[in-house]
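Number of protein chains: 2
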Amino acid sequence: MINQIVQMASTTEENYLKALFNLANERGEVNISELANQLEVSMPTANSMVKTLQKAGSCIYEKYKPVVLTPKGKKEAALIVRKHRLTEMFLVTKMGFGWEEVHEIAEQVEHIHASKFFERMDEMMGYPTVDPHGSPIPDKQGRIQDLQFKSLSEAKPGQEVILAALSDSSTEFLEYLNSRKLTLGTELKIISKEAFDQSIVVSFLDSEKETLSQKVCEKLLVKIFESKDSSQ
Amino acid sequence: MINQIVQMASTTEENYLKALFNLANERGEVNISELANQLEVSMPTANSMVKTLQKAGSCIYEKYKPVVLTPKGKKEAALIVRKHRLTEMFLVTKMGFGWEEVHEIAEQVEHIHASKFFERMDEMMGYPTVDPHGSPIPDKQGRIQDLQFKSLSEAKPGQEVILAALSDSSTEFLEYLNSRKLTLGTELKIISKEAFDQSIVVSFLDSEKETLSQKVCEKLLVKIFESKDSSQ
DNA sequence: GTATATTGTTAGATTATTCTAACAAATTTA
DNA sequence: TAAATTTGTTAGAATAATCTAACAATATAC
Ligand SMILES: [Mn+2]
Ligand SMILES: [Mn+2]
Ligand SMILES: [Mn+2]
Ligand SMILES: [Mn+2]
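Top to bottom, those sequences are chains A and B. Note that my numbering numbers the first sequence so that position 27 is 81, with each residue one more than the last. Note that my numbering numbers the second sequence so that position 202 is 256, with each residue one more than the last.
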């Protein structure tokens, strides 16, 4: 057969591919229950879709084994993530949305099939490399760079860091950060760390001073750019 | 039953609603074969979807009779058209697309459920009332104004007109207009009209002179803004 | 190491959207 | 008006995406 047309992935399939991609990056192996949980479908539904994706050559799956994306599936997923993150960045930088408002919209816009639309966004923004939450934007070939930030919970008193990304971009967490005026790029100086509960006192924006719980610190990814005292 | 949730129209249903709305505006009555033809589906498919839309309260349908949108269906359709036309205008005025490139993208973007996204577009553009092809943009209540332009084929020699809208926005026609540098807002002076084939010679942009076939003239909607000689 | 809990699978059903085939109604042509 | 054409309907089937119920395999806890 010469004229076999390769069917485009449906919106549903695209969401599964993206979920597999994101879960694999966050947790390593992806099993059916995690996938079902992430997409809020039943396990039989996830099971059945994984078989469909395997038939399409996007993943490998053996009964009772974790699901693994093929290079093809990984690229498909990365290109959807690219559209998602370009959209989020466009909404924030060109349309005035807050970083807590853009995920839901991008969840829909990422399924638009119009490469010129996203190329134009990219061009208008000057080819950004990260989204509004600090996550890297895959390139047109689906390659994604590993930014290797440290969690703020690993920082030591005396160190100065820059808030570079988040490991949680939920609306609730973003709204918490808004209420503290914590934005990406903020310089934080670690004043002290409480041994009992691992909470950290930081100063930032010249005068402000805040106590951040361990829960929060874990979700803040930072670049450690200067160390005045790393003895403790 | 107090807690009956009213299901949102699917993308498919939205496309049917829009087709019914557009066909009704262009041709008056809408029958199943026109609808099927417009959406490139079989007649049984269109027939079945019309029954579905009736169950949802969006249209009225009796066997062998034309399909009629209810006020509810008309509003639903108009709000999708609003999203479509706002998107087209945004793509042209804010993202640098040509008027011949935007329809296909808008056909997808119109199905995004995020009112703030479209409100923001609207605001950024200063609340435009027409799309890049001169078609009116329905307001937030789904009301649409009737602009009542005349076709250029009705204009008489000596008259001066402004190109205000198109009754055909196909890529092919738009590319034809591009090749002639005919854009909305262009002032045209009707030099003469050939009785044999109804073609019209116009002058515009100071020096240019063009012969436009009847076929083209019919698709050009104009505002007649001055009449130096309407005797013929 | 058995019992319990969790995870995964299969089977079978449902809803949405589409098709083709066959037939019926309505309209147009002759 | 009768024949031919077009338009519309019904029936029946297919595919995609989902579910619940029942059972099976794997992992965890005691
Ligand atoms: Mn996101
Ligand atoms: Mn999505
Ligand atoms: Mn359009
Ligand atoms: Mn559409």
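Idealized CB from N, CA, C, for every residue including glycine.
Proximity test, residue i beta-carbon vs ligand 4 heavy atom, cut-off 7 Å
{"i": "B:E161", "result": "yes"}
{"i": "B:E164", "result": "yes"}
Closer than 7 Å: residue i CB and nearest ligand 2 heavy atom
{"i": "A:H167", "result": "no"}
{"i": "A:N69", "result": "yes"}
Distance CB(residue i)-CB(residue j) smaller than 8 Å
{"i": "B:S267", "j": "B:S253", "result": "yes"}
{"i": "B:L238", "j": "B:L217", "result": "yes"}
{"i": "A:N232", "j": "A:E142", "result": "no"}
{"i": "B:V121", "j": "B:L89", "result": "yes"}
{"i": "A:I270", "j": "A:K204", "result": "Going by the sequence as given, residue 270 of chain A is Val instead of Ile. Their beta carbons are not under 8 Å apart, which means A:V270 does not touch A:K204 by this criterion."}
{"i": "A:K247", "j": "A:G196", "result": "no"}
{"i": "B:A100", "j": "B:I114", "result": "no"}
{"i": "B:L201", "j": "B:L274", "result": "no"}
{"i": "A:E241", "j": "A:E214", "result": "yes"}
{"i": "A:A168", "j": "A:I278", "result": "no"}
{"i": "A:A132", "j": "A:F75", "result": "yes"}
{"i": "B:N245", "j": "B:P190", "result": "The sequence shown places Ile at residue 245 of chain B, not Asn. No. Outside cutoff."}
{"i": "B:L107", "j": "B:G127", "result": "yes"}
Residue i classed as buried or exposed, judged by whether at least 16 other C-beta atoms fall within 10 angstroms
{"i": "A:A160", "result": "buried"}
{"i": "B:F250", "result": "exposed"}
{"i": "B:V156", "result": "buried"}
{"i": "B:E68", "result": "buried"}
{"i": "A:M62", "result": "exposed"}
{"i": "A:A73", "result": "buried"}
{"i": "B:M97", "result": "exposed"}
{"i": "B:G150", "result": "exposed"}
{"i": "A:S284", "result": "Note that A:S284 scores 43 on pLDDT, short of 50, meaning its location in the model is unreliable; the coordinates nonetheless yield the value given after this. By the 10 Å Cβ count, A:S284 comes out exposed."}
{"i": "B:L123", "result": "buried"}
{"i": "B:L259", "result": "exposed"}
{"i": "B:I198", "result": "buried"}
Ligand 1 heavy atom lying under 7 Å from the CB of residue i
{"i": "A:S223", "result": "yes"}
{"i": "A:E226", "result": "no"}
{"i": "A:Q142", "result": "The question names Gln, but residue 142 of chain A is Glu in the sequence shown. True, at least one ligand heavy atom lies under 7 Å from that Cβ."}
{"i": "B:H157", "result": "no"}
beta-carbon residue i near ligand 3 non-hydrogen atom, thresh 7 Å
{"i": "B:E229", "result": "no"}
{"i": "B:E241", "result": "no"}
{"i": "A:H138", "result": "no"}
Closer than 7 Å: residue i CB and nearest ligand 5 heavy atom
{"i": "A:Y115", "result": "No copy of ligand 5 appears in this structure; the ligands present are ligand 1, ligand 2, ligand 3 and ligand 4."}
Exercise. For the 8 Å Cβ check, are there 3 or more pairs between the region 160 to 172 of chain A and the region 134 to 149 of chain A?
Worked result: Counting Cβ pairs under 8 Å, three or more are found: they touch.
Exercise. Touch check for the region 177 to 192 of chain A and the region 141 to 153 of chain A: three-plus C-beta pairs under 8 Å?
Worked result: Cβ pair count under 8 Å is three or more, so yes.
Exercise. Looking at C-beta atoms only, is the number of pairs between the region 229 to 245 of chain A and the region 166 to 183 of chain A that lie closer than 8 Å three or more?
Worked result: They do not touch, by the three-pair rule.
For this session: Note down, in chain order, all residues in the region 146 to 159 of chain B with a beta-carbon under 9 Å from any beta-carbon belonging to chain A.
Result: Sequence-ordered contacts of the region 146 to 159 of chain B with chain A read K148, M149, G150, F151, E155, E158, I159 [C-beta pairs closer than 9 Å].
Problem set entry | Contact residues within the region 61 to 86 of chain B, judged by C-beta distance below 7 Å to chain A | Answer set for the region 61 to 86 of chain B: empty.
Exercise. Which residues, in order along the region 215 to 240 of chain B, keep a beta-carbon less than 7 Å from a beta-carbon of chain A?
Worked result: Residues: none.
For this session: May I ask you to list, following chain order, the residues of the region 174 to 196 of chain A that have a beta carbon less than 8 Å from some beta carbon of chain B?
Result: R174, M175, M178: these are the residues of the region 174 to 196 of chain A whose beta carbon lies less than 8 Å from some beta carbon of chain B, given in chain order.
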